[in-house]
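Accompanying notes for the structure given below.
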Amino acid sequence: MAEQNDLLHFALLQDKEQPFRYDEGLTVFYALCGRAAIDTVRAAYPLASQGFFIVVPFEPHRARCPKGACLLAVSLSARLLALAGWPRRARLCCHAPGPDGEAAHDQVRALLAEMFQEFFQKKSFSTAHVTGHAFSLLRLLFSSFTLPQPAPEPPPREDLSLLCRALDGIYRDWNENLTLTALADRLFLSPSKLSRFLQQHLGMGFSEYLAAVRLGHARAALARTGCSVTQIALDSGFQSAHSFIRLFKARYHVTPGQYRREQTAISPAGFAAAQTTFDSGLATLLQYAQSPASEPPISRCACAAALDCSAAGQPLAHTWKTMINLGFARDILLAPVQTAVHRAQRDIGFAYARFVGLFDADMQIYTEDENQNTVFHFALADRVLDYLLSEGLRPWIELGGLPPLLAKSRRHIYNSAMIISPCTDLARWRALVTATLRHCIARYGLAKVLEWKFTVLNMNYVFFGCMTHEEYRGFYLSTYEAVKAAEPRLCFGGPGIFSNMLDEPQGMPAFLRLAKARGCMPDFFTLECYPYHNILRDEEFLDFAISQLSAPTVLSRDEEFLAHALDAFAAMLLRFGVDDRPVYLEEWNSTLWQRDLAGDTCYKAAYLIKNICENYDKVGAFGYWSLSDLLRERPLPEAAFHGGFGLFTANGIPKSGYQALCLTARLGGRKLGAGRGWFAAGSEEGVQLLLYNYSHYANLYRYRYQQLKKPGDAYAVFENKSIVEFQLFLSGLASGPYRMECYRIDRQGGSSFDRWIEMGAPSVLSDEDVCWLDDLSQPALTVRQVTCEGSLTVEAVLEPQQTELILLRRAADP
32 MAEQNDLLHF
42 ALLQDKEQPF
52 RYDEGLTVFY
62 ALCGRAAIDT
72 VRAAYPLASQ
82 GFFIVVPFEP
92 HRARCPKGAC
102 LLAVSLSARL
112 LALAGWPRRA
122 RLCCHAPGPD
132 GEAAHDQVRA
142 LLAEMFQEFF
152 QKKSFSTAHV
162 TGHAFSLLRL
172 LFSSFTLPQP
182 APEPPPREDL
192 SLLCRALDGI
202 YRDWNENLTL
212 TALADRLFLS
222 PSKLSRFLQQ
232 HLGMGFSEYL
242 AAVRLGHARA
252 ALARTGCSVT
262 QIALDSGFQS
272 AHSFIRLFKA
282 RYHVTPGQYR
292 REQTAISPAG
302 FAAAQTTFDS
312 GLATLLQYAQ
322 SPASEPPISR
332 CACAAALDCS
342 AAGQPLAHTW
352 KTMINLGFAR
362 DILLAPVQTA
372 VHRAQRDIGF
382 AYARFVGLFD
392 ADMQIYTEDE
402 NQNTVFHFAL
412 ADRVLDYLLS
422 EGLRPWIELG
432 GLPPLLAKSR
442 RHIYNSAMII
452 SPCTDLARWR
462 ALVTATLRHC
472 IARYGLAKVL
482 EWKFTVLNMN
492 YVFFGCMTHE
502 EYRGFYLSTY
512 EAVKAAEPRL
522 CFGGPGIFSN
532 MLDEPQGMPA
542 FLRLAKARGC
552 MPDFFTLECY
562 PYHNILRDEE
572 FLDFAISQLS
582 APTVLSRDEE
592 FLAHALDAFA
602 AMLLRFGVDD
612 RPVYLEEWNS
622 TLWQRDLAGD
632 TCYKAAYLIK
642 NICENYDKVG
652 AFGYWSLSDL
662 LRERPLPEAA
672 FHGGFGLFTA
682 NGIPKSGYQA
692 LCLTARLGGR
702 KLGAGRGWFA
712 AGSEEGVQLL
722 LYNYSHYANL
732 YRYRYQQLKK
742 PGDAYAVFEN
752 KSIVEFQLFL
762 SGLASGPYRM
772 ECYRIDRQGG
782 SSFDRWIEMG
792 APSVLSDEDV
802 CWLDDLSQPA
812 LTVRQVTCEG
822 SLTVEAVLEP
832 QQTELILLRR
842 AADP
């Protein structure tokens, strides 16, 4: 995970142990919280909060971050070093184990804080400013921390790579019965060649280096644990306490017992900050900055516009109501999900319900008898489809996850039965899909099933290593053929690619070329949009998406990310000459992290209304993911509000995002105008004005931040935006009295999350609590009578993250 330009690279390292690596640039490791360490060829360098260590170019190293530790890694690229005139063979000695008050060390901390602040806290990023801070850091390092003797020329890259692999083997099994022969076998070298290689690059032989690594771990154990010397010796891989004591005294000039007594005598006060949290550690770093941590917000700004309400306007199709995502097929049979569906159909009225996992093991569709003949059972699938049709919803079915008997691997990315894997038998897969669709046609009638939509497993899993590009293309072709074999007129689409991956050569371009060449172009195209730029470049994205330890990667700075993604997709389809086919946004959300409490706040209402209004009817569907938090993607936390994807909590409480869609559903059939922060529609009943004051994540919290400890801090992650004063001049109105209804979603009304906070944020809610929160989740409403003489000025003042719907309709004459 990283945020970068071509000169600087920021990364956050948490709860992991990196393999050995080397870089062409210079890297500063700064400890934000916990106790971490940097291992190099020379030694292990411990870091407590506020400690730092600097790794020079081409130096093999690895970072160790046990649970609770967090390192900020700031890498200065080789290009930046060249621009600064950094000597190629400069050697540094710059290690601060923790807070120490040394002036030069504090200067390093101050420059790191300035660079971090420029990247993540200032709204307008300045390359010149951050590069200037980097140059100042390099000057400081050269003047205060360089050693007089130059470093040797770095070994060839292939030698560095081999050295890193050898070090990985030593550090992985340092406390086991590791031998030179065993390590050489792993590296496909002879023991003699490996011995000479290590002597050349480490300055010592294998046995001596292994003993040094073991001694380093033993020394740390002596300082941090109460274990006996004998136990520490055996745990560290030594054959006896006697040999351990002898080697320890030879290296450190004291016995293990004397060392422990000396460490006990040292006051731990200087390292108390090692117990700090990520947030307090970051705050401590930023205290070193010389400039203010954030730019002062403008207190108020004005937004004025004029509308002719008698104009014909632009017809609205309200395509955001085309489809809603319900999650996995089996989830649709759960009572809380059905309750949420019924309520959404009553309040909003979606046309389609999309779901995945039709062929998961828990749907029991595919089995084989003792002779390996295929047997199909559609009872559970029929119950799912019957229910959706009873709610007036047409099915939108992803034909994706595999039955276990057809899966090459049993990889479960989600906490459900869904298997994402290459298929072992595409002929049987085709038979399964065709049989399923023919069953639907026989049960529900061809005319009805022709209204449904079917899609292939989305292409994103290829980029996460679940299958190869070739395997995905074969799977797509087989699925296309199976659908068309059931009935050529069935509506089939794909590939459901992340907007972040559109330009990957093996992604959408390769897919379109294949579809053209093989005559299997989908009937419609699908796109998924989550506001991240660097999913593919972030090697830890999938790990964090699965673990939910923090936001999976860096959220985009771009507040118009969705608009730009839709435009880019349309441009690509135009370039390939297939822009005549419908485009559907099959998934979108503000995040892929289901522990982001900010998503349960009024922010989600402003986010949804902003993005729908700014992209109204731009594509054929806006499939929000998802309707309910009761979703088996990840284990469900106990707390009702935990940052889940849903518009409803798992126990059915509507969130502010749901209330926002209910307000949007009241827009009329013609668009009268739109601008930054407002959208106006008209109908026979009157005029509807939808206003919003969206505030984006603060740059600091766009980074991979961890789950907030206090739910009440959920609003702290946003920018300090100004209050907006709207003044809309409406002309073309019939004279007479009007009823003006103002529905408001903010922290005082329309937000069940804020009512939950007022309750004390209890983890467990009683049935009475749920009903009370449901009742109080409605938007605040004010009603007044106004008189119009052909025109009217409507004024409203919106706080950040506040949304408001104003309904203006003729009232009966008094």
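Numbering follows our numbering, in which position 59 of the sequence shown is assigned residue number 90; successive positions increment by one, without gaps.
Positions of the beta carbon are idealized from the N, C-alpha and C atoms, including for glycine.
Contact annotation: ALA360 and LEU658 have beta-carbon atoms that are not nearer than 7 Å. Between the alpha carbons of CYS522 and ALA811 lies a distance of about 42 Å. For GLY630, the closest of THR680, ALA410 and CYS258 by C-alpha to C-alpha distance is THR680. The C-alpha of VAL387 lies about 26 Å from the C-alpha of ARG544. When beta bridges are read from the DSSP output, MET354 appears opposite TYR383. When only Cα atoms are considered, LEU246 and ASP199 end up about 17 Å apart. In the assembly as shown, CYS64 is a buried residue. Its beta-carbon has 16 or more other beta-carbons within 10 Å. In this chain, the beta strand (DSSP E) harbouring CYS819 covers 811-819. The criterion of a C-beta distance shorter than 7 Å is not satisfied by SER714 and SER782. Excluding sequence positions up to five before and after LEU142, its CB lies within less than 6 Å of the CB of HIS164, SER167 and LEU168, all in the same chain and listed in chain order.
In the assembly as shown, ASN404 is an exposed residue. Its beta-carbon has fewer than 16 other beta-carbons within 10 Å. For ALA652, the three-state secondary structure derived from DSSP is coil.
Its Cα nearest to that of ALA343, the residue LYS702 stands out among CYS334, LYS702 and ASP798. Note on geometry: alpha-carbon atoms of MET490 and THR499 lie some 10 Å from one another. Listed in chain order, the non-local C-beta contacts of GLU422 below 7 Å within the same chain comprise VAL372, HIS373 and GLN376, local neighbours out to five positions each way being set aside.
Classified as buried, ARG733 has 16 or more neighbouring CB atoms from the shown chains inside 10 Å of its CB. Setting aside the 5 residues that flank it on each side, PHE749 is surrounded in the same chain by ALA629, TYR634, SER726, HIS727, TYR728, ALA729, TYR732, PRO831 and GLN832, each with a C-beta closer than 8 Å to its C-beta; the list follows chain order.
Contact between the stretch 68-87 and the stretch 258-267 is absent: fewer than 3 CB-CB pairs across the two stretches fall below 8 Å. Residues GLU645 and ASN646 of the same chain have their beta carbon placed closer than 7 Å to that of ALA594, with the five preceding and five following residues left out of the count. By the criterion of a C-beta distance shorter than 6 Å, CYS693 is surrounded in its chain by ASP378, once the five residues flanking it on both sides are discounted. With a threshold of 16 other beta carbon atoms within 10 Å, HIS408 falls short and is exposed. Secondary structure note for THR405: its beta strand (DSSP E) is the uninterrupted segment 405-407. In this structure, the beta-carbon distance from ALA67 to LEU103 does not fall below 7 Å.
Apart from the 5 residues on each side of it in sequence, LEU233 sits with its Cβ closer than 7 Å to the Cβ of VAL72 and TYR240 in its chain, given in chain order. Residue pairing by DSSP places HIS126 opposite PHE84 in a beta bridge. Distance from LEU804 to GLY717 at the Cβ level is roughly 32 Å; contact not present, criterion being Cβ atoms closer than 8 Å. The continuous stretches of beta strand (DSSP E) do not include ASN620, and DSSP gives it neither H nor E. Fewer than three pairs of CB atoms, one per stretch, sit closer than 8 Å, so the stretch 187-204 makes no contact with the stretch 121-141. By a beta-carbon distance limit of 8 Å, TYR774 contacts GLU835. Their separation comes to about 7 Å. Taking 3 residues as the minimum length, the beta strand (DSSP E) runs contained wholly in the stretch 423-498 are 425-430 and 484-487, in order along the chain. The count of Cβ pairs closer than 8 Å, one atom from the stretch 666-674 and one from the stretch 787-802, reaches three, so the stretches are in contact. Around the C-beta of ASP216, fewer than 16 other C-beta atoms lie within 10 Å, and the residue is accordingly described as exposed. Restricting attention to GLU48, LEU209 and MET539, the CA atom closest to the CA of PHE269 is found in LEU209. Contact between ILE355 and ALA384 holds, since their C-beta atoms are separated by about 6 Å, short of 8 Å.
Rounded to the nearest angstrom, the gap between the Cα atoms of PHE495 and TYR503 is 12 Å. Here the alpha carbon of TRP483 sits roughly 10 Å from the alpha carbon of LEU424.
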